[in-house]
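Protein chains in written order, with my numbering: chain A, 1334 to 1501; chain B, 1334 to 1501.
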DNA sequence: TTATACTTTCAAAAAGTTTTGAAAGTGTGT
DNA sequence: ACACACTTTCAAAACTTTTTGAAAGTATAA
């Protein structure tokens, strides 16, 4: 396999993974493209490479910037904007974890806390089932939250070192 | 808040979370409903409670069974089938991790391994960028894979105990 | 065998999401 | 003030996913 083909495969695989995880395919593909580009690219180049429209490219790049995965670059004497991706995998992983935690885990934790407080007839089997599920899920979610918290603060080597040592 | 309202909120929250994580909303809602039901339910009851069609209920329940999250129950002298959800949160988490690993992580690891082997001109900056990204992501993915592997084998208390101890 | 009680299928409809591209907007230099 | 080079917007179109429901299938019992 040579580079050109390999690059396409990578973009495709990243796009597929993204769409399975609730990130839109194009967004994941643009990210992939920037990841494997040595230089920052213009909107035009992104449009070209992936055959997508201007509107789509613009919107997707903005969203990637919101996620903290891509940055704009300004070049002396040029009006166009260039875009490049953060290349450090650990930083990417943390960034994604951070965003999803904020957007998805936090709201769920809030609801669960409320629901865990709901009082009911302790003889009602449905109340018992409800209460047990909510309480248990709440505990699990809090553990996940704590782990993410740590991961966000940690150095990559320390994080995996610690996790994998425990598991050996 | 009383139970009826709380149950609806839980179903809604679970459905939303599911759809953000690439699991279809209805599937997550049916799962939520079964989680907070003391008794196993019939297709009819699921249809009723969530106002969904027969086809949808049938298809969704089958899919939940495929994921190993729901089981059928047969009752003496009755023809209908009853459905109930695995209630242990840790088992649910493991089951989901197991399925997603099989369906999504494994294929990506395969592609990455291939792509990491691609040879190219070590003076080409694009080759270098490509190679670095692929190699790094591959390493990260393998770490995630190892962690999941351990999680699948582990007891809940041991797993979180170990992780949280390291992080204190 | 036939009726009954249920489950499964699947093509078509509905709903939801993503993409397009032309038009509007913005900021800079002359 | 105007032209230029670029970016942003957004309504409509394309595409994808989910849902429906009627029809077909299956198993049981009389």
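C-beta: ideal position from N, C-alpha, C; glycine also. Quick caveat: nothing in here was measured; it's all calculated off a predicted structure.
Sequence-distant residues of the same chain with beta carbon closer than 8 angstroms to residue i, five excluded per side
i               : result
residue 1405(B) : 1398, 1414, 1415 and 1416
residue 1387(A) : 1376 and 1380
residue 1429(B) : 1400 and 1402
residue 1382(A) : 1366 and 1374
residue 1438(B) : 1474, 1477, 1478 and 1481
Close beta carbons around residue i, own chain, < 7 angstroms, minus the five adjacent residues each side
i               : result
residue 1449(B) : 1467, 1468 and 1471
residue 1343(A) : 1365 and 1369
Buried versus exposed, by CB contacts within 10 Å (16 or more), residue i
i               : result
residue 1427(A) : buried
residue 1408(A) : exposed
residue 1340(B) : buried
residue 1347(B) : buried
residue 1410(A) : exposed
residue 1334(B) : exposed
residue 1337(A) : exposed
residue 1422(A) : buried
Close-in-space but distant-in-sequence residues of the same chain around residue i (CB under 6 angstroms, 5 per side omitted)
i               : result
residue 1442(B) : 1474
residue 1394(A) : 1416
residue 1434(A) : 1481
For residue j and residue i, the rounded distance between their alpha carbons
i               : j               : result
residue 1418(B) : residue 1440(A) : 24 angstroms
residue 1465(A) : residue 1493(A) : 33 angstroms
residue 1370(B) : residue 1354(A) : 29 angstroms
residue 1349(B) : residue 1446(B) : 34 angstroms
residue 1333(B) : residue 1497(A) : Missing from the structure shown is residue 1333(B); chain B here goes from 1334 to 1501 and no further.
residue 1456(A) : residue 1392(B) : 34 angstroms
residue 1366(B) : residue 1366(A) : 42 angstroms
residue 1463(A) : residue 1351(B) : 19 angstroms
residue 1451(A) : residue 1476(A) : 22 angstroms
residue 1487(B) : residue 1385(A) : 45 angstroms
residue 1432(A) : residue 1412(B) : 48 angstroms
residue 1490(A) : residue 1424(A) : 12 angstroms
Discussion item. For the pair the region 1476–1491 of chain B and the region 1355–1363 of chain A, tell me if three or more CB-CB distances fall below 8 angstroms.
Written reply: Under the Cβ criterion (8 angstroms, minimum of three pairs), the region 1476–1491 of chain B does not count as touching the region 1355–1363 of chain A.
Worksheet entry | Residues in the region 1341–1366 of chain A having any Cβ partner in chain B nearer than 7 angstroms | Within the region 1341–1366 of chain A, the qualifying residues are 1342, 1343, 1346, 1350, 1353, 1354 and 1355.
Worksheet item: Which residues, in chain order, does the region 1400–1427 of chain A contribute to contact with chain B at a C-beta distance below 8 angstroms?
Response: Flagged, chain order: 1420, 1421, 1422, 1423 and 1426.
Discussion item. Output needed in chain order: residues of the region 1466–1483 of chain A with a Cβ under 7 angstroms from some Cβ in chain B.
Written reply: Per Cβ criterion, the list reads 1466, 1467, 1469, 1470, 1473, 1476, 1479, 1480 and 1483.
Fill in: Near-chain B residues of the region 1431–1443 of chain A - C-beta to any C-beta below 7 angstroms
Flagged, chain order: 1437 and 1441.
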